[in-house]
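Chemist: Provided herewith is a single structure, encoded as structure tokens, for subsequent inquiry.
Residue numbers (this note's numbering): 2 to 338.
Shown next, in the form of structure tokens:
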């Protein structure tokens, strides 16, 4: 029997030839898989590009529509009436005056006299919203200094609301006495309104004085909340003065002074802790000044209706106060004279 053919296989013989197709087949399968991966990646990339293009198109369309809606809204905004135009022409900020009045219900049907009360009401509402928004910042107060400035601002805004509310009440009273020709009563009421509005006018500036050397979220939010408040109060003051025989030309929008009143003390000496007699925002040296007997205070201007002082009205006294001063400008008002 011929068993030589069953000997060892030749390494270079049929065995090599038989593995060649397997190697080619494996390479072919690997190439196919790579091709499939490339195809899938290409499809995914194209899909992402298309999706991005669609998203960009949608964003553009949405923004375009929003812009168009804003444009249409602006175009369809009610035009100011003659009463509003004439009223706002008396103010320092007529554009703000017109826009703020148009946003308030009933303004387009109001007369010039009615717009005085509406401007008070509108300003009161803006300050109320600012106070509400600011009250929610308590959680962000980080230290005692920021808290002191923050709480002072809240107190000042609350005082501004009271001042404007009293102005509205006084305006209502004056309107009811017009039919009786009670000129002395109306004149006194008008002086009160101007005093209250002048006090409210300086509150925002005094508020921000506490934040001068402070930075951070609380200050940024407070600045944003207080935006336009001084201008709105200024407009209300101008509208009111324009409705009567009052000349407020030259009264500064921000003069860093406050009109303060203190109750009459039983004696002229400072007894006990004077900090209890005044609000927290008032500095110690100013508290001491206001606690001194009248005879020891050297006033820059004395207001007296009888003519015995420097000027006869508070308005004239405010006009004389400098815009910038290294010391306190003292106005002494003689009550009941």
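Even for Gly, the Cβ is constructed at its ideal location relative to N, Cα and C.
On a predicted model such as this, the values are computed, not experimentally measured, just so you know.
#1: Whole-angstrom Cβ separation of residue 218 and residue 141, contact assumed at under 8 angstroms?
#2: Judging by CA-CA distance, which residue of 114, 294, 335, 135 is the nearest neighbour of residue 314?
#3: Who are residue 302's beta bridge partners in DSSP?
#4: Are the stretch 91 to 105 and the stretch 229 to 241 touching, with three or more C-beta to C-beta distances below 8 angstroms?
#5: Consult DSSP for residue 147 and reduce its assignment to one of helix, strand or coil.
#6: Along the chain, where does the alpha helix (DSSP H) that runs through residue 243 open and close?
#7: Three or more C-beta pairs under 8 angstroms: does that hold for the stretch 192 to 203 against the stretch 132 to 140?
#8: Which of helix, strand or coil does DSSP assign to residue 142?
#9: State yes or no: is the C-beta of residue 342 within less than 8 angstroms of the C-beta of residue 123?
#10: Would you check if there are 3 or more beta carbon pairs closer than 8 angstroms linking the stretch 113 to 123 to the stretch 167 to 177?
#11: Leaving out five residues before and five after residue 330 in sequence, what residues of the same chain have Cβ atoms less than 7 angstroms from its Cβ?
#12: For residue 158, does the count of other Cβ atoms within 10 angstroms reach 16, so buried, or fall short, so exposed?
#13: Rounded to whole angstroms, what's the CA-CA distance from residue 60 to residue 113? Just pull it up for me.
#14: Could you give the distance in angstroms between the alpha-carbon of residue 318 and the alpha-carbon of residue 298?
#15: Could you please give me the residues that DSSP links to residue 312 through a beta bridge?
#16: Three-state secondary structure (DSSP) at residue 264?
#17: Measuring straight from C-alpha to C-alpha, what distance separates residue 84 and residue 165?
#18: Please report the residue range of the alpha helix (DSSP H) in which residue 96 lies.
#19: Determine whether the beta carbon atoms of residue 92 and residue 109 lie at a separation below 8 angstroms.
#20: Alpha carbon to alpha carbon, how far is residue 222 from residue 306?
#21: Do residue 202 and residue 238 have their beta-carbon atoms positioned less than 8 angstroms apart in this structure?
Modeler: Taking the coordinates as given:
#1: 5 angstroms
#2: 335
#3: 332
#4: yes
#5: helix
#6: 230 to 243
#7: no
#8: coil
#9: Because the chain here runs from 2 to 338, residue 342 falls outside it and cannot be looked at.
#10: yes
#11: 258, 301, 322, 323
#12: buried
#13: 45 angstroms
#14: 17 angstroms
#15: 304
#16: Residue confidence is low: residue 264 scores 35 on pLDDT, short of 50, so the model does not pin down where it sits. No coordinate-derived value is stated.
#17: 22 angstroms
#18: 95 to 103
#19: no
#20: 43 angstroms
#21: yes
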